[in-house]
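Those protein sequences? They're chains R and G, same order as listed.
With our numbering applied, the first sequence corresponds to residues 12 to 218, in that order.
With our numbering applied, the second sequence corresponds to residues 12 to 218, in that order.
Just so it is clear, CB atoms sit at the ideal spot from N, CA and C, and this is done for glycine as well.
Written below as structure tokens is the structure these notes are about.
Number of protein chains: 2
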Amino acid sequence: MKKNSYHKGNVRADLIQAAEAILNEEGLAALSVRRVAREVGVVPSAVYNHFESREELLAAVAADGYQYMERLVDRLERGSGDPSQRLRRLAREYLQFAAANPNLYRLMFSSDVVAYRLHPELEQAADTSFGRLTQWWYGPGNYDSTRSAVKYPNALSVWSIMHGAALQMIEGLIQVDPRHKGAVDGLADAVIGTLIRGLMPTLSEKA
Amino acid sequence: MKKNSYHKGNVRADLIQAAEAILNEEGLAALSVRRVAREVGVVPSAVYNHFESREELLAAVAADGYQYMERLVDRLERGSGDPSQRLRRLAREYLQFAAANPNLYRLMFSSDVVAYRLHPELEQAADTSFGRLTQWWYGPGNYDSTRSAVKYPNALSVWSIMHGAALQMIEGLIQVDPRHKGAVDGLADAVIGTLIRGLMPTLSEKA
DNA sequence: GCACAATATGAACAATGTTCACATCGTGGC
DNA sequence: GCCACGATGTGAACATTGTTCATATTGTGC
Numbered sequence: 012m013k014k015n016s017y018h019k020g021n022v023r024a025d026l027i028q029a030a031e032a033i034l035n036e037e038g039l040a041a042l043s044v045r046r047v048a049r050e051v052g053v054v055p056s057a058v059y060n061h062f063e064s065r066e067e068l069l070a071a072v073a074a075d076g077y078q079y080m081e082r083l084v085d086r087l088e089r090g091s092g093d094p095s096q097r098l099r100r101l102a103r104e105y106l107q108f109a110a111a112n113p114n115l116y117r118l119m120f121s122s123d124v125v126a127y128r129l130h131p132e133l134e135q136a137a138d139t140s141f142g143r144l145t146q147w148w149y150g151p152g153n154y155d156s157t158r159s160a161v162k163y164p165n166a167l168s169v170w171s172i173m174h175g176a177a178l179q180m181i182e183g184l185i186q187v188d189p190r191h192k193g194a195v196d197g198l199a200d201a202v203i204g205t206l207i208r209g210l211m212p213t214l215s216e217k218a
Numbered sequence: 012m013k014k015n016s017y018h019k020g021n022v023r024a025d026l027i028q029a030a031e032a033i034l035n036e037e038g039l040a041a042l043s044v045r046r047v048a049r050e051v052g053v054v055p056s057a058v059y060n061h062f063e064s065r066e067e068l069l070a071a072v073a074a075d076g077y078q079y080m081e082r083l084v085d086r087l088e089r090g091s092g093d094p095s096q097r098l099r100r101l102a103r104e105y106l107q108f109a110a111a112n113p114n115l116y117r118l119m120f121s122s123d124v125v126a127y128r129l130h131p132e133l134e135q136a137a138d139t140s141f142g143r144l145t146q147w148w149y150g151p152g153n154y155d156s157t158r159s160a161v162k163y164p165n166a167l168s169v170w171s172i173m174h175g176a177a178l179q180m181i182e183g184l185i186q187v188d189p190r191h192k193g194a195v196d197g198l199a200d201a202v203i204g205t206l207i208r209g210l211m212p213t214l215s216e217k218a
């Protein structure tokens, strides 16, 4: 673990961390391979010992984002309540996450930047994250791992409205200051009101 | 209107058109200034006689996308019905548009690619398009031009779920083949079912 | 018919993703 | 203990990109 030597230890992790910092503070456009390398104190070509391409580095960052979402689930699981209450808590946590990490959130869902189909690690991270989220919302035993869209049409509505609200907020299409926690909760409550009324008739059957 | 001369006529329009074609067929990554210039038969630097930057060209393309959406409204306006029927038709038209032009749709809402705040022309195009859409849905006389989010909370839910469903489809997060019109309509109906049930209690008061 | 604005050209620049030949280090088999 | 080898780092190079600038050409109003 020398300083200015060839083998510096956990360069891969450092690269991801630096990339996250740049993404968070300056956006995706500033997140170049060379910039990340410089930040870590390594030459650009060294990045390619750890990632096949810039896109794979971005995929790793996005996958890390899903880890954050899993922590979100952990917080959720320390609470219970009826389906409506669960949904409201879910909405608030979800939108707060998007509000706090807009650039990361965008990256996690930009398949034209990171074709997650080509990054199984990322695809799996996304799958398990959303699986856990949905499973928690449906309650234990009411949701299986298939996550079939036809079997659980309500999940489609839930994620559509969540994702749509998150992006409208992030892109500034609605006037909600993402730094104002109360405002974000307000947005969540507004959207979830419609959703709960819409799902109520079917919530008992959990379909 | 000579062929190989300096002044070739409507280069600006040609550039936009070529950019749209490339975006549509090969995606945003392939849409470089040089590529568009080559396609039009002009040297790269000539592009800067018509646009200040690549981003401004993209803004023009996005603005053009909103013109398509206005044509969508025109189609809608050739029909009537109660609010539920209106909403269903809106959902279908909207999602069909997104399905048919995924790359354009993405660009229209990617503020990290085109900061529409910096392109008033684009911002206005988006405003009037969504204004007309929402106005049509609310019905004549029930929606004013302020489009205040607090005054019309239902509009928030509608656009959230529409936008979210469109993106989930485009990004391949749900298994709906955008080329299959019936499947897209099915998606619209699924989402709109939740939405209508959720909005019903408030549709009479139109709030 | 001419000056001027509009528009086109070609060469240049810095920055980017990526590759490749080469250098250096850590470590496991002898 | 050493040494061969894999892992990792370096430096130079390449093509491509967005953008700028000096220069050339054209259409148009006076």
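Can you tell me which of G/Ile185, G/Gly52, G/Asp196 puts its alpha carbon nearest to the alpha carbon of G/Val22? G/Gly52
Residues in its own chain within less than 8 angstroms of G/Asp200 by CB, not counting five upstream and five downstream? Arg99, Ala102, Arg103
Along the chain, where does the alpha helix (DSSP H) containing G/Val84 start, and where does it finish? 65–88
Nearest to G/Gly90 by alpha carbon, out of G/Met211, G/Gly175, G/Trp147, G/Gln186? G/Trp147
Helix, strand or coil for R/His174 per DSSP? helix
Can you have a look at G/His130 and say buried or exposed, based on whether 16 or more other CB atoms are within 10 angstroms of its CB? buried
Around the Cβ of R/Thr205, are there at least 16 other Cβ atoms within 10 angstroms (buried) or fewer (exposed)? buried
Neighbour list for R/Glu66 in chain G, Cβ cutoff strictly below 8 angstroms: Neighbours of R/Glu66 on chain G: none; closest Cβ ~10 angstroms, over 8 angstroms.
Taking only the alpha-carbon atoms, compute the straight-line gap between R/Leu223 and G/Ile185 and give it to the nearest angstrom. Limits of chain R in this structure are 12 at one end and 218 at the other, which puts residue 223 of chain R out of reach.
Taking all protein chains shown into account, decide if R/Glu31 is buried (16 or more other Cβ within 10 angstroms of its Cβ) or exposed. buried
Does any residue of chain G have a CB that is nearer than 8 angstroms to the CB of R/Val202? yes
Neighbouring residues, chain R, relative to G/Gln179 (Cβ below 8 angstroms): Leu167, Trp170, Ser171, His174
Using three-state DSSP, classify R/Glu36 as helix, strand or coil. helix
Note down, in chain order, each residue of its chain lying with its Cβ closer than 8 angstroms to the Cβ of G/Phe108, except the 5 sequence neighbours on either side. Tyr79, Met80, Leu83, Tyr116
In the stretch 93–127 of chain R, which residues sit with their C-beta less than 7 angstroms from some C-beta in chain G, listed in chain order? Arg117, Phe120, Ser122, Asp123
Please tell me whether R/Ala218 has its Cβ less than 8 angstroms away from any Cβ of chain G. Low local confidence applies: a pLDDT of 42 at R/Ala218 is under 50, so the model's placement there is unreliable, with the coordinate-based value given in what follows. So no, R/Ala218 is outside the interface.
What residues in the stretch 27–40 of chain G have a beta carbon less than 8 angstroms from any beta carbon of chain R? Gly38, Leu39, Ala40
Contacting residues, own chain, Cβ-Cβ under 6 angstroms from G/Leu4 (five flanking each side not counted): In the structure as shown, chain G starts at 12 and stops at 218, and residue 4 of chain G therefore has no counterpart that could be examined.
What are the boundary residues of the alpha helix (DSSP H) that R/Val44 is part of? 44–51
Taking Cβ-Cβ distances below 9 angstroms as the criterion, which residues of the stretch 132–144 of chain G are in contact with chain R? Ala137, Phe141
Taking 8 angstroms as the cut-off, decide whether the C-beta atoms of G/Gly76 and G/Met119 are in contact. yes
For G/Asn114, does the three-state DSSP call read helix, strand or coil? helix
Which whole-angstrom value is the C-beta distance of G/Asn112 and G/Asn60, which I expect to be below 8 angstroms? About 28 angstroms; that fails the 8 angstroms criterion.
Is G/Leu198 near the ligand GTP, in the sense that its beta carbon is under 7 angstroms from a heavy atom of that ligand? You won't find the ligand GTP in this model; it holds no ligand whatsoever.
Have a look at R/Gly142 and G/Phe62 and give me their C-alpha separation to the nearest angstrom. 45 angstroms
Nearest-angstrom Cα distance between R/Lys14 and R/Ser43? Low confidence applies here, because R/Lys14 scores a pLDDT of 46, under 50, leaving its location unreliable; read the following figure in that light. The alpha-carbon atoms of R/Lys14 and R/Ser43 are separated by roughly 24 angstroms.
Per DSSP, what kind of secondary structure is G/Lys192 in: helix, strand or coil? helix
Using CA coordinates, which residue listed in G/Ala40, G/Arg45, G/Val54 is at the minimum distance from G/His18? G/Val54
How about R/Ser171 and G/Ile181: do their beta carbons lie closer than 8 angstroms? no
Beta carbon of G/Ser56 nearer than 8 angstroms to that of R/Gly183: no
To the nearest angstrom, report how far apart R/Gly152 and R/Ser159 are at their CA atoms. 15 angstroms
By the criterion of Cβ-Cβ separation under 8 angstroms, what are the contact partners of R/Leu206 in chain G? Ser168, Thr205, Gly209
By the three-class DSSP mapping on this structure, what secondary structure does G/Thr213 have? helix
Where G/Trp212 and G/Gly193 are concerned, what is the direct C-alpha to C-alpha distance, given to the nearest angstrom? It is Pro, not Trp, that sits at residue 212 of chain G in the sequence shown. Whole-angstrom Cα-Cα distance: 29 angstroms.
On a CA-only basis, which of R/Leu26, R/Val187, R/Ser140, R/Gly150 is nearest R/Asp93? Give me that one, please. R/Gly150
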